[in-house]
Amino acid sequence: MKLTCKEAARLISEGLDRNLNVAERTALHLHVGICVACERVTRQFEFLRRAARRYPGPDDGRKE
Amino acid sequence: MATSHEPGIDSRDLDRHRPRLLRFAKLHLHDPASAEDAVQETLLAALQSAGSFTGQSSVGTWLVGILKHKVVDTIRRTSRERPLELGADEVSLEDLGALFQDDGHFLDKPADWGDPEAALTQRRFFEALERCLQDLPKNTARVFTMREVTGLECEEICKELGISSTNCWVLLYRARLRLRTCLEQRWFGAGSARRT
Numbered sequence: 096m097k098l099t100c101k102e103a104a105r106l107i108s109e110g111l112d113r114n115l116n117v118a119e120r121t122a123l124h125l126h127v128g129i130c131v132a133c134e135r136v137t138r139q140f141e142f143l144r145r146a147a148r149r150y151p152g153p154d155d156g157r158k159e
Numbered sequence: 099m100a101t102s103h104e105p106g107i108d109s110r111d112l113d114r115h116r117p118r119l120l121r122f123a124k125l126h127l128h129d130p131a132s133a134e135d136a137v138q139e140t141l142l143a144a145l146q147s148a149g150s151f152t153g154q155s156s157v158g159t160w161l162v163g164i165l166k167h168k169v170v171d172t173i174r175r176t177s178r179e180r181p182l183e184l185g186a187d188e189v190s191l192e193d194l195g196a197l198f199q200d201d202g203h204f205l206d207k208p209a210d211w212g213d214p215e216a217a218l219t220q221r222r223f224f225e226a227l228e229r230c231l232q233d234l235p236k237n238t239a240r241v242f243t244m245r246e247v248t249g250l251e252c253e254e255i256c257k258e259l260g261i262s263s264t265n266c267w268v269l270l271y272r273a274r275l276r277l278r279t280c281l282e283q284r285w286f287g288a289g290s291a292r293r294t
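Chains A and B, in that order, are what the protein sequence lines are.
Residue numbers for the first sequence follow my numbering, beginning at 96 and rising by one.
Residue numbers for the second sequence follow my numbering, beginning at 99 and rising by one.
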């Protein structure tokens with residue numbers, strides 16, 4: 096199974112919500128290994144998760 | 099256990115946080131009255147347990163922590179009364195086609211965000227994230243915030259909203275792809291307002 100970026104991006108996202116099967120994981124690994132765009136997307140989706148967990152962010156940095 | 103140091107939280111202190119809490123609640127709860135209620139309950143709970151506030155985090159962070167629980171409670175209550183109705187446009191991924199070429203490559207190659215962690219200490223970054231969330235279709239934003247802001251598992255979201263797992267994954271995929279595009283324009287891109 097050879098993935099396009101469009102298919103890979105969807106699997107990168109779904110991998111954050113469910114366990115991908117072996118075929119999906121292998122195909123994704125092969126694609127992301129040679130695709131700069133999808134490697135960035137992987138890191139950016141993970142960053143989105145960290146950012147959302149911290150939402151709404153710092154409150155003026157004030158401590159009382 | 100509370101220390102002997104009195105953190106000195108009074109209702110006036112807490113009221114200062116009301117607008118920010120309300121903004122947070124409204125993002126999750128689309129009924130303004132429910133959002134008001136959740137904030138009110140949060141402030142009340144905070145007053146009652148002011149003694150257990152250790153001062154380890156800021157008051158604002160502590161309040162948001164309480165509010166998250168209230169929001170989850172409210173979601174559980176209201177979703178049982180009114181299951182989510184998904185429009186056909188939200189379960190199809192047709193709108194995302196515009197981000198890709200016909201052969202499946204990205205139309206605009208995703209940019210290198212460098213080290214994005216510094217953004218997490220900046221208020222303005224979260225304001226940009228919030229505007230990007232508001233640009234999403236309503237149910238897409240709702241599922242994303244349930245999953246990523248309140249940290250619920252898909253299984254629980256599906257149960258609470260009465261949607262299928264596949265629909266949940268589709269909505270989350272749309273949310274992530276559109277949020278990354280939006281943040282790239284508003285924050286991480288060369289032409290963004292980040293450095294102004």
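Backbone N, C-alpha and C fix where the C-beta goes; we use that ideal spot for every residue, glycine too.
Note that the structure is predicted; figures quoted are calculated from it, not measured.
Burial state of residue i (16 or more Cβ within 10 Å)
{"i": "residue 278 of chain B", "result": "buried"}
{"i": "residue 201 of chain B", "result": "exposed"}
{"i": "residue 116 of chain A", "result": "exposed"}
{"i": "residue 129 of chain A", "result": "exposed"}
{"i": "residue 236 of chain B", "result": "exposed"}
{"i": "residue 139 of chain A", "result": "buried"}
{"i": "residue 203 of chain B", "result": "exposed"}
{"i": "residue 239 of chain B", "result": "buried"}
{"i": "residue 101 of chain A", "result": "buried"}
{"i": "residue 125 of chain B", "result": "buried"}
{"i": "residue 293 of chain B", "result": "Confidence is the limiting factor: at residue 293 of chain B the pLDDT is only 47, short of 50, which leaves the residue's position unreliable, though a coordinate-based value still follows. Residue 293 of chain B comes out exposed."}
{"i": "residue 140 of chain B", "result": "buried"}
Assigned secondary structure, residue i (DSSP; H/G/I helix, E/B strand, else coil)
{"i": "residue 152 of chain B", "result": "coil"}
{"i": "residue 115 of chain B", "result": "coil"}
{"i": "residue 145 of chain B", "result": "helix"}
{"i": "residue 183 of chain B", "result": "coil"}
{"i": "residue 271 of chain B", "result": "helix"}
{"i": "residue 129 of chain A", "result": "helix"}
{"i": "residue 262 of chain B", "result": "coil"}
{"i": "residue 107 of chain B", "result": "coil"}
{"i": "residue 163 of chain B", "result": "helix"}
{"i": "residue 130 of chain B", "result": "helix"}
{"i": "residue 87 of chain A", "result": "Nothing can be reported for residue 87 of chain A, as the shown portion of chain A is limited to 96 through 159."}
{"i": "residue 110 of chain A", "result": "coil"}
{"i": "residue 152 of chain A", "result": "coil"}
{"i": "residue 115 of chain A", "result": "coil"}
{"i": "residue 158 of chain B", "result": "helix"}
8 Å contact criterion, which residue i and residue j should meet: CB distance rounded
{"i": "residue 245 of chain B", "j": "residue 270 of chain B", "result": "6 Å"}
{"i": "residue 205 of chain B", "j": "residue 197 of chain B", "result": "6 Å"}
{"i": "residue 226 of chain B", "j": "residue 285 of chain B", "result": "5 Å"}
{"i": "residue 164 of chain B", "j": "residue 186 of chain B", "result": "Between residue 186 of chain B and residue 164 of chain B the Cβ distance is about 38 Å, and since that is not below 8 Å, they are no contact."}
{"i": "residue 147 of chain B", "j": "residue 154 of chain A", "result": "Going by Cβ atoms, the distance from residue 147 of chain B to residue 154 of chain A rounds to 19 Å, so no, they are not a contact pair."}
{"i": "residue 98 of chain A", "j": "residue 123 of chain A", "result": "7 Å"}
{"i": "residue 259 of chain B", "j": "residue 181 of chain B", "result": "7 Å"}
Quick one: which unbroken alpha helix (DSSP H) runs of 4-plus residues sit fully inside the region 191 to 257 of chain B? Chain order, please. 221 to 232 and 236 to 242
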